[in-house]
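Number of protein chains: 2
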Amino acid sequence: MTLQTHNRPNLVAVAKAAGVSRSTVSRVINDDPNVNAATRERVWSAIHTLDYQPNRVARGLASGRTQVLGLVIPQGVATLFSDPYFAILIQGISTACSRLDYSVMLWLAEPDHERRTIHQVLHGGLIDGVIVSSMLADDPIIAALVERRMPCVLVGRHPDHPEISTVDTDNLSGARAAVTHLLRLGRRRVATITGPQNMIAGADRCAGYSLALRDAGFSADPALIVESDFTEAGGYRAMQQLLPHHPDAVFAASDLMALGALRALQHGGLRVPEDVAVIGFDDIAAAALADPPLTSVRQSIQQLGHSAVELLLTQLDGSRITGPEHRVFPPTLVVRRSCGGDPA
Amino acid sequence: MTLQTHNRPNLVAVAKAAGVSRSTVSRVINDDPNVNAATRERVWSAIHTLDYQPNRVARGLASGRTQVLGLVIPQGVATLFSDPYFAILIQGISTACSRLDYSVMLWLAEPDHERRTIHQVLHGGLIDGVIVSSMLADDPIIAALVERRMPCVLVGRHPDHPEISTVDTDNLSGARAAVTHLLRLGRRRVATITGPQNMIAGADRCAGYSLALRDAGFSADPALIVESDFTEAGGYRAMQQLLPHHPDAVFAASDLMALGALRALQHGGLRVPEDVAVIGFDDIAAAALADPPLTSVRQSIQQLGHSAVELLLTQLDGSRITGPEHRVFPPTLVVRRSCGGDPA
DNA sequence: ATCCTCGCCGGGAGCGCTCCCACAGCGTGC
DNA sequence: GCACGCTGTGGGAGCGCTCCCGGCGAGGAT
Chain A
1 MTLQTHNRPN LVAVAKAAGV SRSTVSRVIN DDPNVNAATR ERVWSAIHTL DYQPNRVARG
61 LASGRTQVLG LVIPQGVATL FSDPYFAILI QGISTACSRL DYSVMLWLAE PDHERRTIHQ
121 VLHGGLIDGV IVSSMLADDP IIAALVERRM PCVLVGRHPD HPEISTVDTD NLSGARAAVT
181 HLLRLGRRRV ATITGPQNMI AGADRCAGYS LALRDAGFSA DPALIVESDF TEAGGYRAMQ
241 QLLPHHPDAV FAASDLMALG ALRALQHGGL RVPEDVAVIG FDDIAAAALA DPPLTSVRQS
301 IQQLGHSAVE LLLTQLDGSR ITGPEHRVFP PTLVVRRSCG GDPA
Chain B
345 MTLQTHNRPN LVAVAKAAGV SRSTVSRVIN DDPNVNAATR ERVWSAIHTL DYQPNRVARG
405 LASGRTQVLG LVIPQGVATL FSDPYFAILI QGISTACSRL DYSVMLWLAE PDHERRTIHQ
465 VLHGGLIDGV IVSSMLADDP IIAALVERRM PCVLVGRHPD HPEISTVDTD NLSGARAAVT
525 HLLRLGRRRV ATITGPQNMI AGADRCAGYS LALRDAGFSA DPALIVESDF TEAGGYRAMQ
585 QLLPHHPDAV FAASDLMALG ALRALQHGGL RVPEDVAVIG FDDIAAAALA DPPLTSVRQS
645 IQQLGHSAVE LLLTQLDGSR ITGPEHRVFP PTLVVRRSCG GDPA
């Protein structure tokens with residue numbers, strides 16, 4: 001029946017060994033102050049000699065919380081898995097969780113399974129809350145979560161749902177700073193390779209590009225804006241599309257796309273940064289290693305993950321009812337050779 | 345108390361609605377054949393109108409299995425997260441699980457938390473079994489799992505533990521094929537950049553290199569073997585170390601290292617493949633996009649993940665007691681420009 | 001008619017905890 | 001003296017399921 005447990009000790013066993021009731025053992029485990037110091041000592045030693053480990057499933061059933069968080073990465077986004085973004089995010093969330101004695105359950109929501117998945121996530125009672133890393137503007141999963149009152153936090157802001165807590169990088173400012181930097185260096189035909197415009201981050205970074213141009217008194221040339229898909233191959237294609245319009249600088253909304261653009265420029269016989277300056281976004285490890293090293297807008301994905309966990313847990317705390325919180329982290333421009341100028 | 349559930353219906357509610365006992369509802373949910381077709385129908389309709397979803401925690405407590413698998417990626421390896429390997433593995437395992445109605449719980453075992461983590465994994469009762477993606481030869485977690493009789497499957501073979509089921513790529517053959525290919529093309533000073541030799545895969549790929557040389561009647565020159573760490577930067581450094589010894593070919597034990605080697609070669613003013621041929625391992629997406637496109641040994645990481653889940657579930661099945669199984673998948677050499685010759 | 005089987009169903013017990021209430025014992029204040 | 005608190009402890013009830021046992025009626029074998 002029970003598959004793995006070969007008669008693991010339970011609360012009662014510990015209680016018997018320590019000569020107390022199971023309530024007292026439970027109190028000790030849960031750090032209830034109302035336990036005599038000597039008793040507490042006895043219980044702990046019984047716990048250790050028996051190598052007792054509380055059963056988290058039973059605890060979950062009795063208390064209504066499982067100390068497990070869900071991490072949902074919706075379909076479509078999961079296909080972008082070549083992007084280190086998700087790996088780092090998962091890492092950040094996972095380490096934050098284990099530090100706080102929570103576990104993380106992963107759902108890569110597939111197209112066909114998505115509906116069933118949502119149901120399980122919501123009603124299975126397996127998880128206390130959920131972190132959703134969707135950047136799709138119209139993602140149905142978010143509405144479903146709200147409706148079911150499942151505590152959740154979004155990674156990446158979402159304009160339609162101000163009532164949900166979010167953590168996000170200030171994509172707009174980051175993009176704006178990058179483009180402004182290019183303009184200051186004297187570039188006049190600054191192009192951009194955007195992410196999908198149905199992703200919030202994609203749209204925000206594009207908006208930052210436009211704002212920077214407006215700030216400097218330029219108007220955007222539609223021919224210099226190409227939408228792509230956050231992948232290297234997509235960046236390559238987009239750059240090829242841009243070449244006939246002779247940009248002297250390109251801001252790519254992700255490093256992967258910037259690397260693709262570099263490749264296209266090299267194939268086209270153009271020098272970076274002499275002929276075309278390039279700036280990416282994310283500052284992934286590969287950016288510094290590119291040839292030439294890629295200037296990029298750095299965001300701390302780890303920090304995003306940590307914050308998301310933190311926000312979710314305060315929400316679960318329940319002792320204080322807090323409204324939604326929206327944490328926005330400013331990215332920083334990391335200047336390297338690819339944008340020209342003088343990388344002091 | 346219960347945080348999220350706003351009076352979700354339970355078994356009893358469904359039973360009442362359908363005019364049967366909770367046992368019957370349970371039987372219906374668990375596809376027990378001993379239920380009258382008409383009754384079954386009534387129960388299902390009650391389930392749907394009430395939007396009932398079985399509580400997986402309660403089910404787990406009562407039945408002793410939670411339908412949750414653990415995925416453990418030990419520390420040290422987690423720092424290699426820039427390698428797409430783990431992202432793809434996670435994806436493969438996750439999709440296989442959700443197809444089979446299992447969930448996956450992620451543990452990135454950190455150094456300091458590792459001991460506690462092991463305990464939780466083993467005794468928490470939260471998971472039915474665990475997939476361990478450790479390639480460290482001396483990983484203590486494996487011994488711990490065996491000792492506790494936790495059902496588990498390793499991704500990557502482990503010489504010391506034949507009693508545990510494993511899935512693995514035939515690293516030795518893959519490496520051997522790559523190096524043999526280089527030798528057939530007339531290269532005579534074939535170097536290798538190995539992975540850490542305390543990782544099984546690293547050692548196996550190195551052994552494959554040596555075997556290929558021996559097959560062809562050459563003896564390995566120690567100066568042409570440099571140990572590295574599976575990263576791009578590591579590959580770069582290793583290649584710089586190799587340059588003074590004038591290799592005319594390099595087999596790198598991972599694509600990331602091969603890309604690093606490419607970069608070092610370019611910086612050193614050497615042409616690929618004219619001066620030095622290069623072959624990598626894994627065939628990650630970036631391999632095909634490299635300049636020149638990288639010949640690589642392709643392994644299907646997705647397939648590894650799927651198989652791991654499959655093996656673990658048959659182990660959990662319990663209806664038939666099966667011995668350990670070791671599935672080895674042959675990799676294939678994907679020939680591109682970086683190794684020279686004629687990529688037909 | 002009796003026995004046994006078999007499909008179908010209900011209810012008790014229990015999984016291992018948490019939570020609440022009860023209660024003993026002691027001290028404090030009037 | 002009694003009322004009241006406060007600390008420390010025990011036990012009942014219950015979380016929402018699964019599993020097992022037992023029972024009921026229908027049908028075939030004897």
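Listed in order, the protein sequences are those of chains A and B. Residue numbers are given in this note's numbering: position 228 of the first sequence equals residue 228, and the series is strictly consecutive. Residue numbers are given in this note's numbering: position 285 of the second sequence equals residue 629, and the series is strictly consecutive. For every residue, glycine included, the Cβ atom is placed at its ideal position computed from N, Cα and C. None of the values given here were measured: they were computed from a predicted structure.
query	result
DSSP three-state assignment for glycine 60 (chain A), whether helix, strand or coil	helix
Same chain, Cβ closer than 6 Å to glycine 539 (chain B), five either side skipped, listed in chain order	Gly546, Phe574 and Ala597
Chain A contact for glutamine 647 (chain B) (CB, 9 Å cutoff)	no
Residue-chain proximity (isoleucine 628 (chain B), chain A), Cβ-Cβ < 9 Å	yes
Minimum Cβ-Cβ distance from serine 438 (chain B) to chain A less than 9 Å	yes
Residues in the stretch 49-64 of chain A having any Cβ partner in chain B nearer than 7 Å	Gln53, Asn55, Arg56, Val57, Ala58, Gly60, Leu61 and Gly64
From B:Ile544, B:Tyr553 and B:Pro591, residue whose alpha carbon lies closest to that of alanine 567 (chain B)	B:Pro591
Whole-angstrom distance between asparagine 354 (chain B) and serine 370 (chain B), CA atom to CA atom	11 Å
DSSP bridge partner residues for phenylalanine 251 (chain A) (one or two, in chain order)	A:Thr192 and A:Ile279
Cβ-based neighbour list, glutamate 669 (chain B), same chain, cut-off 7 Å, excluding 5 preceding and 5 following	Ser509 and Leu655
Distance, arginine 176 (chain A) Cα to arginine 532 (chain B) Cα	53 Å
Residue-chain proximity (proline 222 (chain A), chain B), Cβ-Cβ < 9 Å	no
Cutoff 9 Å: glutamate 491 (chain B) Cβ touching any chain A Cβ	no
Any chain B beta carbon closer than 9 Å to threonine 314 (chain A)	no
Beta carbon of leucine 677 (chain B) nearer than 9 Å to that of valine 653 (chain B)	no
Valine 581 (chain B) in three-state terms, based on DSSP	Reading off the sequence, residue 581 (chain B) comes out as arginine, not valine. In the structure shown, arginine 581 (chain B) sits in a helix (DSSP, three-state: H, G or I).
Histidine 525 (chain B) - containing alpha helix (DSSP H), residue span	515-528
Methionine 105 (chain A) to aspartate 204 (chain A) span [Cα, whole Å]	29 Å
For leucine 168 (chain A), the three-state DSSP class (helix, strand or coil)	For the record, residue 168 (chain A) in the displayed sequence is aspartate; it is not leucine. Strand.
Same chain, Cβ closer than 6 Å to isoleucine 569 (chain B), neighbours up to 5 away in sequence not counted	Thr536
Close-in-space but distant-in-sequence residues of the same chain around aspartate 32 (chain A) (CB under 7 Å, 5 per side omitted)	none
Nearest to arginine 528 (chain B) (by Cα), restricted to the options B:Val401, B:Gly408 and B:Ala621	B:Ala621
Whole alpha helix (DSSP H) elements within the stretch 347-413 of chain B, 4-residue minimum	355-362, 366-373, 381-394 and 400-407
Span of the alpha helix (DSSP H) around arginine 549 (chain B)	544-559
Collapsed DSSP secondary structure at serine 447 (chain B) in the structure displayed	strand
Close-in-space but distant-in-sequence residues of the same chain around valine 364 (chain B) (CB under 8 Å, 5 per side omitted)	Thr383, Arg386 and Val387
Glutamine 541 (chain B) classed as buried or exposed, judged by whether at least 16 other C-beta atoms fall within 10 angstroms	exposed
Within 9 Å, strictly: CB atoms of proline 84 (chain A) and alanine 286 (chain A)	yes
Interface partners of valine 104 (chain A) on chain B, CB under 8 Å	Met449 and Leu450
Alpha helix (DSSP H) segments (min. 4 residues) lying fully within the stretch 609-682 of chain B	629-633 and 645-661
Inter-residue spacing [alpha-carbon to alpha-carbon] between alanine 288 (chain A) and threonine 295 (chain A)	8 Å
Closer than 9 Å to chain A by CB, glutamate 654 (chain B)	no
Collapsed DSSP secondary structure at glycine 473 (chain B) in the structure displayed	strand
Of the residues A:Leu100, A:Ser338, A:His158 and A:Gly217, the one placed nearest aspartate 317 (chain A), counting alpha carbons only	A:Leu100
Cut-off 7 Å between Cβ atoms - residues of its own chain near tyrosine 553 (chain B), not counting five sequence neighbours on either side	Ala519, Val523, Thr536 and Phe595
Buried versus exposed call for histidine 267 (chain A) [16 or more other C-beta atoms within 10 Å across all chains shown]	exposed
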